[in-house]
Structure formats: structure tokens, C-alpha cells
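The block underneath contains the structure these notes are about, expressed in C-alpha cells.
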Amino acid sequence: METTRELIYDTVRKLVLTDTRYHDGVTAMVIAT
-17 METTRELIYD TVRKLVLTDT RYHDGVTAMV IAT
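Residue numbers (the numbering used here): -17 to 15.
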């Protein structure tokens, strides 16, 4: 089932967003787009 994979990606995404360095990188990408 894809539900497990989606949960893992969701958790990883949250962990990445909590890291300030990754958060700044994501913000820069969003602004650039």
C-alpha cells in the first residue's frame, strides 16, 4: 500500500522543515519559483 510510503514521506518532510537550514532552502526555492 502507498499509505505507508506517504506517511514516511510526510514525516521526513516535517523533519526537514523543522531544520532551519533546510527550511531556508525550501523558502528560497519557493520564492525563486
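Where is the CB? At the ideal position from N, CA and C, for every residue including glycine.
Source: prediction; values computed, not measured.
What residues in its chain sit with their C-beta under 8 angstroms from that of residue i, if we drop five residues either side in the sequence?
i: Thr(-14); result: none
i: Ala10; result: none
Rounded to whole angstroms, what's the CA-CA distance from residue i to residue j? Just pull it up for me.
i: Asp(-8); j: Ala14; result: 23 angstroms
i: Val12; j: Arg(-5); result: 15 angstroms
i: Gly7; j: Ile(-10); result: 21 angstroms
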